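A short worksheet on the structure shown next.
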């Protein structure tokens, strides 16, 4: 699965969750467990001074780009 497709799926979920990807600092990490690859895409504010929480984290299955989990920071 291409990273572009993973990011497209995450951006779609972010938009549905009210997050504008263009206004976010995005980090992407990958983990593997029992032969499965899970990508984690984290959206946080570009300007973090005086701001606490509010991140959006989207976990995506690397084999078919389905959303596995969506977490919101407090």
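Residue numbers (the working numbering): 1 to 74.
The C-beta atom is built at its ideal place from N, Cα and C for all residues, glycine as well.
A quick note: this is a predicted structure, and the numbers were derived from the prediction, not measured.
- The distance from the Cβ of residue 19 to that of residue 71 is about 12 Å, inconsistent with a contact at the 8 Å cut-off.
- Taking the C-beta atoms as reference points, residue 60 is found no nearer than 7 Å to residue 26.
- DSSP, reduced to helix, strand and coil, places residue 19 outside both helices and strands of the structure shown, so it counts as coil.
- C-alpha of residue 63 to C-alpha of residue 30: approximately 12 Å in a straight line.
- Counting of Cβ neighbours within 10 angstroms places residue 22 among the exposed residues, the total staying below 16.
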